[in-house]
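These protein sequence lines are chains A and B, in that order.
The opening residue of the first sequence carries number 1 in full-length UniProt numbering; numbering runs sequentially from there.
The opening residue of the second sequence carries number 1 in full-length UniProt numbering; numbering runs sequentially from there.
Right, one structure below, let's go through it.
There are 2 protein chains.
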Amino acid sequence: MAGATQATLREHNLSLVARIILGATTSMSRADVAAATALTRSTVSRLVDDLLAGGLVREVAKVGGGLGRPATPVVADDRLCALGLQVNATFLLARLVALDGSVLAEETVDGDFVASDPAVVLPRMGACGVRVAAAAGPDRTLVGTGLALPGIVRPGSGTLLRAPNLGWSAVEPGPLLAAPALGPVLLGNEADCAAVAVAHPVPGRREGPQDFIYLSGEIGIGGAAVLDGRLMRGQHGWAGEIGHVCVDPAGPACPCGSHGCLERYAGLRALQSAAGLPVTAGIDRFAAACREGDEAATRALATAVSALETALVSAVNLLDIPAVILGGHLGRLAGLIAPDLAERLGTRALAGRFDGPTVTVGAHTGTEDRAPGATGAAITVLEGVIERPAAWVPTTTSRLRR
Amino acid sequence: MAGATQATLREHNLSLVARIILGATTSMSRADVAAATALTRSTVSRLVDDLLAGGLVREVAKVGGGLGRPATPVVADDRLCALGLQVNATFLLARLVALDGSVLAEETVDGDFVASDPAVVLPRMGACGVRVAAAAGPDRTLVGTGLALPGIVRPGSGTLLRAPNLGWSAVEPGPLLAAPALGPVLLGNEADCAAVAVAHPVPGRREGPQDFIYLSGEIGIGGAAVLDGRLMRGQHGWAGEIGHVCVDPAGPACPCGSHGCLERYAGLRALQSAAGLPVTAGIDRFAAACREGDEAATRALATAVSALETALVSAVNLLDIPAVILGGHLGRLAGLIAPDLAERLGTRALAGRFDGPTVTVGAHTGTEDRAPGATGAAITVLEGVIERPAAWVPTTTSRLRR
DNA sequence: ACCACTATGTTGTATGAAACAACAATCTCG
DNA sequence: CGAGATTGTTGTTTCATACAACATAGTGGT
Numbered sequence: 001m002a003g004a005t006q007a008t009l010r011e012h013n014l015s016l017v018a019r020i021i022l023g024a025t026t027s028m029s030r031a032d033v034a035a036a037t038a039l040t041r042s043t044v045s046r047l048v049d050d051l052l053a054g055g056l057v058r059e060v061a062k063v064g065g066g067l068g069r070p071a072t073p074v075v076a077d078d079r080l081c082a083l084g085l086q087v088n089a090t091f092l093l094a095r096l097v098a099l100d101g102s103v104l105a106e107e108t109v110d111g112d113f114v115a116s117d118p119a120v121v122l123p124r125m126g127a128c129g130v131r132v133a134a135a136a137g138p139d140r141t142l143v144g145t146g147l148a149l150p151g152i153v154r155p156g157s158g159t160l161l162r163a164p165n166l167g168w169s170a171v172e173p174g175p176l177l178a179a180p181a182l183g184p185v186l187l188g189n190e191a192d193c194a195a196v197a198v199a200h201p202v203p204g205r206r207e208g209p210q211d212f213i214y215l216s217g218e219i220g221i222g223g224a225a226v227l228d229g230r231l232m233r234g235q236h237g238w239a240g241e242i243g244h245v246c247v248d249p250a251g252p253a254c255p256c257g258s259h260g261c262l263e264r265y266a267g268l269r270a271l272q273s274a275a276g277l278p279v280t281a282g283i284d285r286f287a288a289a290c291r292e293g294d295e296a297a298t299r300a301l302a303t304a305v306s307a308l309e310t311a312l313v314s315a316v317n318l319l320d321i322p323a324v325i326l327g328g329h330l331g332r333l334a335g336l337i338a339p340d341l342a343e344r345l346g347t348r349a350l351a352g353r354f355d356g357p358t359v360t361v362g363a364h365t366g367t368e369d370r371a372p373g374a375t376g377a378a379i380t381v382l383e384g385v386i387e388r389p390a391a392w393v394p395t396t397t398s399r400l401r402r
Numbered sequence: 001m002a003g004a005t006q007a008t009l010r011e012h013n014l015s016l017v018a019r020i021i022l023g024a025t026t027s028m029s030r031a032d033v034a035a036a037t038a039l040t041r042s043t044v045s046r047l048v049d050d051l052l053a054g055g056l057v058r059e060v061a062k063v064g065g066g067l068g069r070p071a072t073p074v075v076a077d078d079r080l081c082a083l084g085l086q087v088n089a090t091f092l093l094a095r096l097v098a099l100d101g102s103v104l105a106e107e108t109v110d111g112d113f114v115a116s117d118p119a120v121v122l123p124r125m126g127a128c129g130v131r132v133a134a135a136a137g138p139d140r141t142l143v144g145t146g147l148a149l150p151g152i153v154r155p156g157s158g159t160l161l162r163a164p165n166l167g168w169s170a171v172e173p174g175p176l177l178a179a180p181a182l183g184p185v186l187l188g189n190e191a192d193c194a195a196v197a198v199a200h201p202v203p204g205r206r207e208g209p210q211d212f213i214y215l216s217g218e219i220g221i222g223g224a225a226v227l228d229g230r231l232m233r234g235q236h237g238w239a240g241e242i243g244h245v246c247v248d249p250a251g252p253a254c255p256c257g258s259h260g261c262l263e264r265y266a267g268l269r270a271l272q273s274a275a276g277l278p279v280t281a282g283i284d285r286f287a288a289a290c291r292e293g294d295e296a297a298t299r300a301l302a303t304a305v306s307a308l309e310t311a312l313v314s315a316v317n318l319l320d321i322p323a324v325i326l327g328g329h330l331g332r333l334a335g336l337i338a339p340d341l342a343e344r345l346g347t348r349a350l351a352g353r354f355d356g357p358t359v360t361v362g363a364h365t366g367t368e369d370r371a372p373g374a375t376g377a378a379i380t381v382l383e384g385v386i387e388r389p390a391a392w393v394p395t396t397t398s399r400l401r402r
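Okay, structure coming up:
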């Protein structure tokens, strides 16, 4: 509702130029940016100078080669960075990510946080974050912190409504971290954050798939939907939450209050217990049992695939996003389930009947990373810097007034 | 990717002012607009003058009353108008809608267009449109035409991929209308258009629900999802297409290629045949049979409600939109099914467990209108005018250059 | 070695959109 | 009938981008 002024215009172009430079896989000169934006070279020059002063980008050595005056390449800088935190059922992780996408530092604290007390766990998470943030050193600026949580987050309000596997309800994690040095803390659902990391492995860069449904296999199953590189949030912020889609109304009860939810069949705990494995077994042992032809494990896997099929057919058709990415333990099982799942979905997807190629199902590249949510949380914070760079550009008269 | 210039700034503010004036339920003065936008009165004055010249708004008689100099109220004008066309299984309809939301003229052509030839039907639709458009007269400008179709439309490309009930495939309706006087023709899915009409009964005005899933009950069942007043399109443009969500994998075959689709249970034809009524019976006769306690009709209704429940639970949870609006024959049945459906959805929706009020299910107000899609198609075209008003403002130097 | 050529980046001026300030217009109220 | 209030208009200022000219720094041919 607020009218646009020249400051708005400037901020918009500043963001545009930042996004182009940070998003490019190859370094770009001012002239390249001018060609890409249809702005004039003089305008781009001015904007780039501001971004240089703000620490978002830096110049690198001129590279000759072509005809004419050699260009001055400008690339992403690593002076601005954000901290990504992730609280999970089995570990806490803090990761410091710079604006150029590089990971500056990282620390993991293992533990069992099922049915834990947020007032105990979150201060530990905060302390861990402070230790990692120290790696930024005096030359870098920490712009903020993102916290990925395995639960439902009320968007904007800084409140975690419910994290079933942690046993947390109505928690306000920001103050509980007890780490003011970490700056403003942005909350996010773990699957949402991980999905952001898939679509934007580097801040500002659109790389990898831009339209997909993400499934995060943990104790439960989280989900997120990304459309044209942007997270679909829905009215309350849990659009794409596929773990509690009902697969069978007559199925087993779920702590969420419903019956026969997807995660009762394809969640890690569900798979392990159906296969007769201890809860501590881990997904690799389950996968091994399947490969060895263990009957219970094979049956559990088949049940999980059918449940995934039922839930994902609805999702693919309703959201009109014919691509699925498997993360967490589901990503580790991708070799066993993806081909089958893709075929079944393909025959039942609306898209397949018009658009030729049917549904694709792939694993999150980098399944060895335990905490893609931490990276995604940090990247979300950094995307905010790219979205409104004026706040970080030392201008003569502050232009940030929102 | 195009940089923003001062022309962009101006167009943005022009659109903003237009949206505020057209969207207001009460008339607004220039000073009111200035207060609402945080622009200065002088700037608003200049923008309003342009909108006056462009025919988007008009001044009405000053209304005294308060203190100070009386304001000059500015309201939506009806000089610009758009034509909405709708092709359905049983009728063609053309409706001329002005920018102020008033319907200037309308004509219906009844017929049976199931398994018809687009090369025959569309010219008739075009001729009908031309007759209705003539009502604009010499003083009005027809800005364009929207065409609502009961099928899948490839967004942007002007192609209808498939309309099962018409028996059409891969049709390009624009040229087939053979009516160049109607201007550029914008295609849309019937349910999408109807949903737009629900969220924006008047161009530029956000009135009524802004977050809902729309179900359009025709021979088949169309669906659309509206989030924050905007249509969710998905990657191919059929997000929210709920008619072909699978309710029972073992159910009856559907022309779409799948099995047990929702519309096999809750489509008009399905209800009629399950109740033992002739296909020409009409929905009111079915409703009467239900109210009289006819066993077959009652059973058919119960089956339909269960199917709707199954399909909508997925939709409500995946899209995170806890409101359903019933249109077409489902709207006419709302009295019979809405309370039951709302209760069942409420207990199974994720939202209900945190946000208090659960899922709402309501009928499209104005269920007597046979063709909300035609209105929505016209409104979509008019929203385009509001979005980029510069094209219609006679400026000294053309500012439209996109 | 020299000069034409080419592309990059900078500088100064012009255009134009909104902000700002002052003022004219037109009502109500005492 | 004048004080006060609110609206709308009219210059003037500010500032972001466009435009044009130029300095810069290379390549490549002679």
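Every residue, glycine too, gets a C-beta built ideally from N, C-alpha and C.
Helix, strand or coil, according to DSSP, for B/PHE286 in the structure here?
The answer is helix: DSSP assigns B/PHE286 an H, G or I state.
Can you give me the C-alpha to C-alpha distance between A/ASP117 and A/GLN210, rounded to a whole angstrom?
Rounded to the nearest angstrom, the two C-alpha atoms are 37 Å apart.
Selected residue, minimal CA-CA separation from A/GLY223, among B/LEU318, B/VAL97, B/ALA7 and B/ILE283
Nearest C-alpha to A/GLY223: B/LEU318.
What's the call for B/GLU383, buried or exposed, on a 16-neighbour Cβ count within 10 Å?
So B/GLU383 ends up on the buried side.
Would you call A/VAL120 buried or exposed, if buried means 16 or more other Cβ atoms sit within 10 Å of its Cβ?
Answer is exposed; the Cβ neighbour count stays below 16.
Using 8 Å for Cβ pairs, my map puts B/ALA374 next to B/ALA148. What's the rounded Cβ distance?
Correct: roughly 6 Å between the Cβ atoms.
Helix, strand or coil, according to DSSP, for A/HIS236 in the structure here?
Here A/HIS236 sits in coil by DSSP.
DSSP-derived helix/strand/coil call for A/ASN88:
If DSSP states are grouped into helix, strand and coil, A/ASN88 belongs with coil.
For B/ARG46, would you say it is in contact with chain A, using Cβ-to-Cβ distances shorter than 8 Å as the test?
No, its Cβ sits nowhere closer than 8 Å to a Cβ of chain A.
In terms of residue numbering, what span does the beta strand (DSSP E) encompassing A/ASN189 cover?
For A/ASN189, the enclosing beta strand (DSSP E) covers residues 185 to 189.
Beta-carbon within less than 8 Å of A/PRO249's beta-carbon, same chain only, minus the 5 sequence neighbours each way: which residues are those?
Closer than 8 Å at Cβ, skipping near neighbours: HIS259 and GLY260.
So which residues of chain B does A/THR37 contact, with C-beta pairs closer than 8 Å?
Contact of A/THR37 with chain B by beta-carbon distance below 8 Å involves MET1, ALA2 and GLY3.
Are B/VAL143 and B/GLY183 closer than 8 Å when you measure CB to CB?
Yes, Cβ-Cβ distance for B/VAL143 and B/GLY183 is below 8 Å.
Can you tell me whether DSSP reads A/MET125 as helix, strand or coil?
In the three-state reduction of the DSSP assignment, A/MET125 falls in the helix class, which pools H, G and I.
Starting from the Cα of A/LEU160, find the closest Cα among A/ARG285, A/ALA135 and A/LEU122 and give me that residue.
Per the C-alpha coordinates, the member of A/ARG285, A/ALA135 and A/LEU122 positioned closest to A/LEU160 is A/LEU122.
Output yes if chain B places a C-beta closer than 8 Å to the C-beta of A/PRO357; else output no.
Unreliable placement is indicated for A/PRO357, whose pLDDT of 49 sits below 50; the coordinate value is still reported in the next sentence. So, not an interface residue.
Would you verify that the beta carbon of A/CYS193 is, or is not, closer than 8 Å to some beta carbon of chain B?
Taking Cβ atoms only, chain B never reaches closer than 8 Å to A/CYS193, which makes this a no.
B/GLY234 burial status per 10 Å Cβ neighbour count (16 or more: buried):
Counting Cβ neighbours within 10 Å, B/GLY234 comes out buried, since at least 16 surround it.
Name the residues in the region 300 to 321 of chain B whose C-beta lies less than 7 Å from a C-beta of chain A; which are they?
If the cut-off is 7 Å between Cβ atoms, the region 300 to 321 of chain B has VAL313, SER314, ALA315, ASN317, LEU318, LEU319, ASP320 and ILE321 near chain A.
Assuming B/ALA7 contacts A/THR37 under a Cβ cut-off of 8 Å, what Cβ separation, rounded to an integer in Å, is found between them?
That pair is no contact at about 15 Å.
Inter-residue Cα distance where the pair is A/ARG69 and A/VAL87
If you take the alpha carbons of A/ARG69 and A/VAL87, they lie about 51 Å apart.
Per DSSP, A/MET28 forms a beta bridge with which residues?
Per DSSP, A/VAL74.
Tell me, which residues are paired with B/LEU166 by DSSP?
Note: B/LEU166 sits in no beta bridge, so no partner.
Measuring CA to CA, which of A/ALA178, A/LEU268 and A/HIS329 is closest to A/VAL279?
Ranked by Cα distance from A/VAL279, the options A/ALA178, A/LEU268 and A/HIS329 are led by A/LEU268.
Using C-beta distances below 6 Å, list every residue in its chain close to A/ARG401, excluding the 5 sequence neighbours before and after it, in chain order.
Low confidence applies to A/ARG401: its pLDDT is 34, below 50, so where it sits in the model is not reliable, and the reading given next is rough at best. No residues qualify anywhere along the chain.
Kindly indicate if chain B contains any beta-carbon less than 8 Å away from that of A/ILE221.
No, no contact with chain B.
Between the C-alpha atoms of A/PRO322 and A/LEU308, what's the straight-line distance to the nearest angstrom?
Straight-line Cα distance between these residues: approximately 14 Å.
Give the straight-line distance between the Cα atoms of B/THR145 and B/ALA82, rounded to the nearest whole angstrom.
Spanning the alpha carbons of B/THR145 and B/ALA82 requires a straight line of approximately 6 Å.
Under three-state DSSP, which class holds A/GLU172?
Coil.
Since I believe A/ASN13 is in contact with A/LEU39 (beta carbons under 8 Å), could you give me their beta-carbon distance rounded to a whole number of angstroms?
By a beta-carbon distance limit of 8 Å, A/LEU39 contacts A/ASN13. Their separation comes to about 7 Å.
At least three beta-carbon pairs within less than 8 Å, the region 310 to 317 of chain B to the region 226 to 245 of chain A:
These segments touch.
Suppose the cutoff is 6 Å on Cβ atoms and the five residues either side in sequence are ignored; what does the same chain contact list for B/ILE21 look like?
So the list reads MET28, VAL57 and VAL74, once near-sequence residues are dropped.
Using a C-beta cutoff of 8 Å, does B/HIS244 count as contacting chain A?
Answer yes: the Cβ-Cβ gap between B/HIS244 and chain A drops below 8 Å somewhere.
Assigned secondary structure, A/CYS246 (DSSP; H/G/I helix, E/B strand, else coil):
Three-state DSSP puts A/CYS246 in a strand.
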